[in-house]
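Below is one structure; the comments refer to it alone.
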Amino acid sequence: MLFAIRMSLRTNLRSNGIGESVQNEVHTKFSVLQILLFLVKSESWMAKRDERIAIMRHVAIIGSGPAGCYLADQLLRLMPDASVDVLDRLPVPFGLIRYGVAPDHQSTKLVARVLDRVLSRERVNFFGNVEVGGNVRLDEVGDLYDAVVLAIGATRDRRLGIPREDLPGVVGSGKFTGWYNTHPDAATPFLRDVRSVVIIGNGNVAIDVARMLAKDDSELVGSDLAADVTSRLMTQPIENIHLVGRRSTADAKFTEHELAELGTLKRARPIVADPASLKGDGAVVEILRRFAFETRPEKPVSISFHFNLTPAAFVGNRRLSGVQFRAPDGSMRQLNAQLAVTCIGYETQPCCGAVPSNGAFANEEGKVGEGLYVAGWARRGPSGTIPTNRAEAQQVAQKMACEVTGSNRPGGDGLRRLLRERSVRWVDYAGWRRIDAAELAIGSKDRCRQKFARLDEMLEAAEMVQFRSV
Ligand SMILES: Cc1cc2nc3c(=O)[nH]c(=O)nc-3n(C[C@H](O)[C@H](O)[C@H](O)COP(=O)(O)OP(=O)(O)OC[C@H]3O[C@@H](n4cnc5c(N)ncnc54)[C@H](O)[C@@H]3O)c2cc1C
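Shown next, in the form of structure tokens:
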């Protein structure tokens, strides 16, 4: 060892350009005592460094939607010494991929397979059926982990704030899409003898809702739309679906693919209520022009696009009968409807002491405060697509990798202890896989899976022995 130190001293002196004679002088003056001191110091420094590496960094991500899962993936890459626990209030992961993305867009839902691989990784633990703010408090999670990330999404429907918004027949898109995706919390909306529907909003969620209402049964083959939802939708005598935007065509947020798909439906025909309102160019306006001017065969359902109409009031006594709008010239217009779906965005909810402002958590590049971070819709509000969350996760993970230090906190072991003390049944990754296998097994020739609608069904499937081999 002494020899090695002498050699390294020589090499250093050489590389610093100091001559051979001086080296010898320094070498002889270097007493054994000094070398021993140096040795002790360097060894204790190395021991401290090893200790730092030996201390795992424990990160808890609250929310297993795309934001939470992509972040877990990035943290694993950037922090080889970290274990990452992903908590979700539901027994099943993937947030809006499972409960927002339309049931007939299974190719989009396939991204869940990629995220599933993240949850299956060795340094990741899934804790489903654990609600932060319900089963455990945020500060308790903070005490157990070196860093906590809020990736709880933003699923509370924004309100229009116009008269009679609570009439039966008026529903927010979060609730409506949750219902047709069999979210365990979603109530069945008021759907009775619906001939005319008004959908307020000019984004892709509005298009999803229109498409799900317009499709015929044969177009839903291969989806995971539940049987009771299918029969509810199919028994409505729908003739008109109005898609109404407050702004002009140039401001519409539709994407080309989703918009064009409306022109391919079997029993519905898209039209533009006022073709003169089509202003500007671009792919979306071009598709709308085709809808307005191309000759298409008559079909039982019409999907009419309206622009520049501001919602003013819902109308009806015991249930919705119409929606009033204000035109740019101040005149009022009423569209009759027995169902109105507002697709005007979402906001995130408070999580214990962490309270959002303007629908999202205030943060600096993903940091909310000491040891507390935020990602996804909870961070930036309800904008962007699933891949947007992946790009964002890279930035947040980089910040966390630099800032988070290990501190001997118990991480997942501590959480398990706490949950056991409180008799909380959490669902781990193997449990989720059993739920998944059970849902796939009870699918039919027309449905790729049959989702469990109730939490107790999910919990039961999570423990079922016959699926344990999956
Ligand atoms: C109706 C709809 C359709 C969409 N369709 C598409 C599409 O086709 N293609 C596309 O690219 N994007 C689509 N999106 C957007 C996409 O879903 C979002 O970009 C993405 O889901 C946001 O991810 P997130 O992880 O921030 O939130 P979420 O997906 O909402 O995940 C949040 C997770 O946090 C959990 N959670 C919430 N609170 C707690 C708590 N207190 N404790 C524990 N867990 C909690 C929730 O259960 C949920 O699993 C759609 C969005 C909606 C609303």
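For the sequence shown, the numbering used here begins at 114 and goes up steadily by one. Where is the CB? At the ideal position from N, CA and C, for every residue including glycine.
In this structure, DSSP gives E483 a state outside helix and strand, which the three-state scheme calls coil. Within the chosen limit of 7 Å, ligand 1 does not reach the beta carbon of G472 with any heavy atom.
A distance criterion of 7 Å places the beta-carbon of I175 in contact range of ligand 1, judged by its closest non-hydrogen atom. Distances between the C-beta of A575 and the heavy atoms of ligand 1 are all 7 Å or more.
In this structure, P469 has its CB at a distance of at least 7 Å from all heavy atoms of ligand 1. At a cut-off of 7 Å, the beta-carbon of D337 does not count as near ligand 1: no heavy atom of the ligand is closer than that.
Rounded to whole angstroms, D364 and D194 show a C-alpha spacing of 46 Å. Rounded to whole angstroms, the gap between the alpha carbons of T368 and P413 is 25 Å. Cβ-Cβ separation between A488 and A180: approximately 4 Å, consistent with a contact (criterion under 8 Å). DSSP places D198 within a strand segment (E or B) once states are collapsed to three. Looking only at L553, V254, R324 and Q451, the smallest Cα-Cα distance to D526 is reached by V254. For ligand 1, no non-hydrogen atom lies closer than 7 Å to the CB of V509.
Sequence-distant partners of Q507 (beyond 5 residues in either direction) whose C-beta falls short of 6 Å from its own C-beta, in its chain, are Q187.
In its chain, beyond the 5 residues on either side, L191 and M192 have a beta carbon closer than 6 Å to the beta carbon of A514. Within the same chain, A215 come within 6 Å of D321 by CB-CB distance, once the 5 residues on both sides are set aside. Three or more beta-carbon pairs separated by less than 8 Å link the stretch 322-337 to the stretch 205-221, which places the two stretches in contact. Within 7 Å of the C-beta of I210 there is at least one heavy atom belonging to ligand 1. Between I174 and S309, the alpha-carbon positions lie close to 43 Å from each other. When only Cα atoms are considered, L209 and S536 end up about 28 Å apart. Per DSSP, reduced to three states, the secondary structure at P383 is strand. By the criterion of a C-beta distance shorter than 8 Å, F404 is surrounded in its chain by L375, G376, P383, I384, V385 and F418, once the five residues flanking it on both sides are discounted. Here the stretch 496-510 makes no contact with the stretch 270-288; the two share fewer than three CB pairs at distances below 8 Å. Short note on D201: C-beta closer than 7 Å to some heavy atom of ligand 1. Between R230 and L189, the C-beta gap is not smaller than 8 Å, which leaves the two residues out of contact. For the options V311, T518, K564 and H370, the alpha carbon positioned closest to that of A426 is the one of V311. For I555, the shortest C-beta to heavy atom distance toward ligand 1 is 7 Å or greater. L391 is not a Cβ neighbour of I354, given a cutoff of 8 Å. E460 is classed as buried because its beta carbon has at least 16 other beta carbons within 10 Å across all chains shown.
The Cβ atoms of I548 and V205 lie closer than 8 Å to each other.
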